[in-house]
Every structure is written in structure tokens, then in C-alpha cells.
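Here the sequence shown stands for residues 31 to 639, where the numbers follow my numbering.
The structure under discussion appears below in the form of C-alpha cells.
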Amino acid sequence: MQTAELESLLKHHFGYDAFRPLQREIIDAVLDGRDALALLPTGGGKSLCYQLPALASNGVTLVISPLIALMKDQVDGLRANGIAATFLNSTLDASEAAACYDGLDRGAYRLLYVSPERAVMPSFLARMSRWNVERIAVDEAHCVSEWGHDFRPEYRRLHDVRERLPGTPVLALTATATTRVREDIERFLRLDDPRRFVGSFNRPNLTYRVFEKRDALKQLLSWCTARPSESGIIYAQSRNSAEELARKLVAAGIPARPYHAGLTAAQRARNQELFIRDEIRVICATVAFGMGINKPNVRYVVHYDVPKSIEGYYQETGRAGRDGLPSECVLFFNGGDAAKQRHFIRQIEDPEEREQADRLLRKMLDFAAEPHCRRASLLRYFGEEPGEGSTCGNCDNCLNPPDEIDATIPARKLLSCIYRIRAHSGFSCGAHHLVDVLLGNATDKVQAWGHDRLSTFGIGTEFGKDDWLALISDLLRRGYIEEGEHRTLQLASEGMAALRDERAIVYTRPRFLKKSAKRTRGSREAVESLSYEDALFERLRVLRKGLADEQGVPPYVIFSDATLRELSGRKPKTLQDFRATSGVGDVKLERYGEAFLAEITAYDAARTA
Ligand code: ADP
Ligand code: ZN
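Here's what the structure looks like:
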């Protein structure tokens, strides 16, 4: 099919003007009747790769999707664009399922979403042969692999579907890119000489930041209250802390709910639904949350505790900004957290498992302390060369580079002070006491324990208290120091070795200690007044929510935030103008054009009045 033809289908049905990277190539392969494997990051636009071909041909496209909760949303989204789509899964009652089967027998649908369990049922397979199934799309194809994060045994039986429909091409899609998973997909789905498409895993609209975690709760509240009308996900390590954070946010006036495996399935579904429908702003969750959330307007993801691996971090932060608008990823981190995680890992009994966990954590901690471009570091981790220049201009380190200081001497003073205290008293002390000794503060405790008589008393006046605490945090992260009971500090064998070998130590001075720290977008204040454009955006959002509730669909099914942003920026006056907006296809133009134009006009009139 010609490019112009495909582009006009894209605009007519979906309202988009251009393809995202690789969409065009994947669609070409699909239309050519080839088997294909598409690896695109979250938000890369995978669905379109089988939805558009479904509209360019006559039969029905079978979409295997593992997430029952998502199927309805996806079908609602397609129907909002006037596309005949349906789904079959265990949530339908007998008469709904019968109606759906009848429609399929009549050839009434272009897309059928089906769960893998249903797809391999003999009754389904028998009936399916009567439909004109043109191609099969296997979404979340990594579920076929035990190496992936959500193995689903039923996926292994999907080749049965293929065997019933010889010669029908298969498109497998996933955002999980490891080689092992990729090989499993090709093997178990029995792809025939597939074309392979691997997109870049860079997410240019995401800003990556790491905040030194000090008074974490206060930091979190000020982050969220500065963004009162934006959706965000807070990841915490434990169920308890997810619960507590949700309570604290609610008390601070931010509509929030928890999500974790300790809630009943009904509570989880309810909280997720509230989030997707923009009834609450924030979800405070453990890693149990996320699979199958394709809410496109998540504006930030905060990691309240350090994740166990970069894979997890990338996946969780990836849930921000699917709609392509600027979104923020924030990690709260300090050396104490690192020590805590290491402590958990030491309890793992199986040595192989323990080593693996330790390896993954180490990489994550290196990322947290990375002094250079964080995006480049992420991409390299996933085996991708960051491309031109090694700075992205959109992470904390690029926006506001930290200082790197040769701290060999201060670090030696610190390590030997820990050693001397232990040698003198037979016990270890906490960070603040240690800093008092280094600075020569003869506090009551220092005098009572005789630490003012140590050779290291008062030898550390080149640093202030904050720098000493930050250096301690840095050395904890690197494993030179360990935390014992009651957060007392002890020399680890690494620290001993560093002292003995006179190792050079570079300390990355945290950004918050820089006097002239620039204010970046992330630190804007809650009081910042709304611009005209923002105010219009809010009005359009209210209109959208009303329409969505009337139709019983999530707001993003009507229009994405990206579309509302463009509308509030351009303020179209005519239907023709309105159609030029990204995300406005012909069906939505007809259904919603008048209502949104009227709102824009009313807003303009009120402003000029
Ligand atoms: P994925 O499944 O790869 O995570 P989706 O298929 O859910 O991504 O697409 C993410 C978002 O991007 C959706 O809101 C979708 O409508 C939008 N999108 C897809 N393709 C395009 C395009 N060519 N132009 C603009 N937006 C697009
Ligand atoms: Zn960068």
C-alpha cells in the first residue's frame, strides 16, 4: 500500500498525522503477509501496528491479549473511533458471548480481542475456522517465556491457533527485549522466518531525577502538592508503606489510594479503576501494580524506595508519559537505603539467587549514584549506544551537573575514625556522633565516651556537617561502610581494603549542597498561577470527564491529554481546524467536535469580556 494511502487511513481512523518510529515498517511487513516480531518500548505505539492493517483489509484480526481488564478498554477505544471491534473472555455472560459469536459469524468485526485461555478452547477453535481470520496478533508476547516477568503457560499452546489457520501471518509484540525472551517467542509461537523490528528504548519525553532522600515523606508531599491535578504513581517497597503513603497524601488533600497484593482482588480492581478514570490522582503501590495499566497520562512515577534492579526501574518508570507528553521519573535515594537492601539480600539462602540479586542491585545503586547522563547510562545497560553526544539535556545530571571531588583524604579520615571509635569503646556509633568527633564538637556524649581524646577528634574541619553526612551516604552505597543495629556504622571489608591500599576515592557531591542550585522545572511551586492555556486545558478536561462518565469509559478514550493540550494551545475555531489536531479522526470529529469548539469559544469570550 502506498504511503499516502496508509497515512490517510491513519488520519481518518485515529486522527494521527505521522507514524511513530518503526510503525510504518512493521505495518508494511504485516500487510505483506510476513510473520513479524516487534519490540518497541512502552508507549511506542504497538497496538496501531495491527489495528491499522485490520482496517486495510476485509477479514478479522485476532488479537491475543493476556489482560482481561484491558480488553474492554481497548475495544472501547477502538469503538470511540468508529471501528468495529469486540472481545471474548470470561467476564461476558452467556448471552453477551452468544451475541459476540453471532457477530463474528456474520463478519461484523474487524478486530477480535481474546484471552489466551479462550483462544485455545476446542469450541472456540472449531468456530473460528468459519470466520475469515486474516491475521493473528499476539500482544505481550513475552508471556510465552519463563525468562520474562509474567510467564503465562497458556501462551505455550497458542501455536494450536496457528495450526488451525495455516498460512495466517502472526505478529508478536512486546516491550521486553532480552535475547532469551526473543528466542523463546520465536520458538514457542513457531514464527516462520519472521521479520524482526527492534525500536530504541529511549523515552525522550521522560525526565530522570534522583533526589537525596532526607525527610522522605515531606519531600514526597511537596512533590505531589506541587502537581495537584496530575496523575502519578508512587512505588514503595512494602504494603505497609504503600498504605501509609496513601493515607498521608489523602490527609494532605491529594486524592490517593493504595494498591498491593494484600488487598482483595475487588479492592485492587476498584482502586485501579478510580485511577484510570481520573477520580483519584495518585496510586501508592508496590510492584504488584502496573501490568496492564495503559493509562496514557501518568505524569510522574516516584520511587520512594530504591528498586531491586534496573529492569524493574525501567519498567516502572516506563508507565509515565505513554501519550508522549513530558513526564517525570523521580527516585528517592540515600546510602542507608542501599545498606538496607543489601541486608535483605544477605538473608537469601540460595547462593546463586543471592549473587544474582546482589549483581542486579549493584547496577541499580550505580545508576542512583551516576554522576553523568542517566539516560545514556540506562540505554547502555540495555545494550544500546546512546547515539550522538552522551548527554540528553533532560536528566538531573545533564540539567545541573554535580561536582565530583577527590575525597581520598577525607574518606580516609572518616574510615579511620570509625575504626578508632570501635577500638577505643568496643561499640560503634551513628553518623551524627561520628561527624561530631570529626568536627571536634565536644558534645556530652563525645566527652562521656572519651572520644575527644581520639587522634581523629577534630581532624575533619575541611568539610561541614552536610558534606560529611553525604560522604557517609556515598561510602555506604559503595559498601565501604555497613550499617549495624540502630543504624550504627561499621567498617566493611571493602572499607578496610580501601584504607590499607590507600585507594583514591572520588565523591559525587549531591546537588542539594550546591549553593547556586538552579531551579529546574521539577522544583516549581504549587502557587504558580495557571496560564490561560492551562486554564483552558482544565476546562476541556472537565468536559472530557463528563462525556466519558456518560459513556462509561475512561477519559482518555474520548481524547488523550496530548490532544487536549494541542487544542488549548491552538484554540481552533472551525471544524476543519479542529480536525487538524493530532488524535482527532473523522468519527471523533463528528461526535465531539461541536462540543469542544463551543467550550473553546465560550472560554475565549469569557476571557475577552
Ligand atoms: P504500547 O502498547 O506500545 O505501549 P500503545 O499502542 O498503547 O503503546 O500507544 C501508546 C499511545 O500512543 C496511545 O495513546 C496511542 O493512541 C498513541 N499513538 C500510537 N501511535 C501514534 C502515532 N502514530 N501518533 C500519535 N500517537 C500515537
Ligand atoms: Zn542526561
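C-beta: ideal position from N, C-alpha, C; glycine also.
Cβ-based burial, L142 [other Cβ within 10 Å; buried from 16]: Position 112 of the sequence shown, counted from the start, is the residue given in the question as residue 142. Flag for L142 reads buried.
Buried versus exposed call for T347 [16 or more other C-beta atoms within 10 Å across all chains shown]: As a working mapping, residue 347 is identified with position 317 in the sequence shown. Buried, by the Cβ-count rule.
Beta-carbon contacts of Q267 that lie in its chain and below 6 Å, excluding the five residues immediately before and after: Within the sequence shown, residue 267 is the residue found at index 237, counting from 1. Excluding positions up to five away in sequence, the list reads D335.
CB-CB length for E615 against H43, believed under 8 Å: Position 585 of the sequence shown, counted from the first residue, corresponds to residue 615. Position 13 of the sequence shown, counted from the first residue, corresponds to residue 43. In the sequence as presented, Glu is not what sits at residue 615; that position holds Gly. Right, the Cβ-Cβ distance comes to about 5 Å (below 8 Å), so this counts as a contact.
Top-ranked residue by Cα proximity to G582, from V144, R54, I306: Reading the sequence shown from its first residue, position 552 is the one you call residue 582. Among V144, R54, I306, the Cα nearest to that of G582 belongs to I306.
Closest Cα partner of V587 within the set K102, V93, K41: For the purposes of this step, residue 587 is taken as the residue at position 557 of the sequence shown. Among K102, V93, K41, the Cα nearest to that of V587 is on K102.
Beta-bridge pairing of R287 - partner residues as DSSP gives them: On the sequence shown, residue 287 is found 257 positions in, with the first residue counted as 1. Looking at the DSSP assignment, R287 forms a beta bridge with I313.
Beta-carbon gap between R649 and T72 smaller than 8 Å: Given that the chain is displayed from residue 31 to residue 639, the structure contains no residue 649 and the question cannot be resolved.
Distance between beta carbons of C254 and I284, contact taken as under 8 Å: On the sequence shown, residue 284 is found 254 positions in, with the first residue counted as 1. On the sequence shown, residue 254 is found 224 positions in, with the first residue counted as 1. The pair is a contact, with the Cβ atoms about 5 Å apart (cut-off 8 Å).
Three-state class that DSSP yields for A115 in the structure shown: By one-based count along the sequence shown, residue 115 stands at place 85. Strand at A115.
The region 272-292 contacting the region 355-372, beta-carbon criterion three pairs below 8 Å: no
Residue ranges of each beta strand (DSSP E) within the region 134-214, 3 or longer: With a minimum length of 3 residues, the continuous beta strand (DSSP E) runs that stay inside the region 134-214 are 141-144, 163-168, 200-204.
Same chain, Cβ closer than 8 Å to A625, five either side skipped, listed in chain order: Within the sequence shown, numbered from 1, the residue matching residue 625 stands at position 595. So the qualifying residues of the chain are L573, L577.
Span separating the alpha-carbon of D433 from that of R404: For the purposes of this step, residue 433 is taken as the residue at position 403 of the sequence shown. For the purposes of this step, residue 404 is taken as the residue at position 374 of the sequence shown. Near 15 Å, if we compare the C-alpha coordinates of R404 and D433.
C403 (DSSP reduced to helix, strand or coil): By one-based count along the sequence shown, residue 403 stands at place 373. Three-state DSSP puts C403 in coil, outside helix and strand.
Ranges of the alpha helix (DSSP H) found wholly within the region 373-459, counting only runs of at least 4: 381-399, 404-411, 426-429, 438-455
Uninterrupted alpha helix (DSSP H) stretches inside the region 453-517 (no shorter than 4 residues): 461-469, 474-478, 495-507
Own chain, CB closer than 8 Å to T33, minus 5 neighbours either side, in chain order: Against the sequence shown, residue 33 aligns to sequence position 3. Hits under 8 Å: R54.
Check: L201 C-beta below 7 Å from any heavy atom of the ligand ADP: Within the sequence shown, numbered from 1, the residue matching residue 201 stands at position 171. Remark: the C-beta of L201 is outside contact range of the ligand ADP, defined as less than 7 Å to any heavy atom.
Residue interval of the alpha helix (DSSP H) (run including A628): Stepping through the sequence shown from its first residue, residue 628 is reached at position 598. First-last of the alpha helix (DSSP H) with A628: 616-638.
Euclidean distance between Cα positions of L195 and L219: Taking the first residue of the sequence shown as position 1, residue 195 is located at position 165. Taking the first residue of the sequence shown as position 1, residue 219 is located at position 189. If I take the Cα positions, the gap works out to 13 Å.
L201 vs A167 beta-carbon contact at 8 Å: Here residue 201 is taken as the residue at index 171 of the sequence shown, counted from 1. Here residue 167 is taken as the residue at index 137 of the sequence shown, counted from 1. Yes, they are a contact pair.
Limits of the unbroken alpha helix (DSSP H) element including L521: Within the sequence shown, numbered from 1, the residue matching residue 521 stands at position 491. Run containing L521: none in the alpha helix (DSSP H); it sits in the beta strand (DSSP E), 519-521.
Beta-ladder partner(s) of T538, from DSSP: Locating residue 538 in the sequence shown gives position 508, where the first residue counts as 1. Residue pairing by DSSP places T538 opposite E434 in a beta bridge.
Those residues, in chain order, that have a beta-carbon closer than 5 Å to some heavy atom of the ligand ZN: C403, R405, C422, C425, C428
Rounded C-alpha distance that separates R452 from S458: Translated into the one-based positions of the sequence shown, residue 452 becomes position 422. Translated into the one-based positions of the sequence shown, residue 458 becomes position 428. Cα-Cα distance, rounded: 5 Å.
Reference V536, options S561, P440, Q302, closest by Cα: As a first step, residue 536 must be located in the sequence shown, where it is residue number 506. Here the closest residue by C-alpha is P440.
Meets three-Cβ-pair contact criterion under 8 Å: the region 234-245 and the region 299-317: no
Distance between S252 and R554 (C-alpha atoms, nearest Å): If you number the sequence shown from 1, residue 554 lands on position 524. If you number the sequence shown from 1, residue 252 lands on position 222. Only weak support exists for where R554 lies, its pLDDT of 42 falling under 50; the coordinates are left without a value.
Nearest neighbour of K495, chosen from S598, R539, E512, R392 [CA to CA]: As a working mapping, residue 495 is identified with position 465 in the sequence shown. It is R539.
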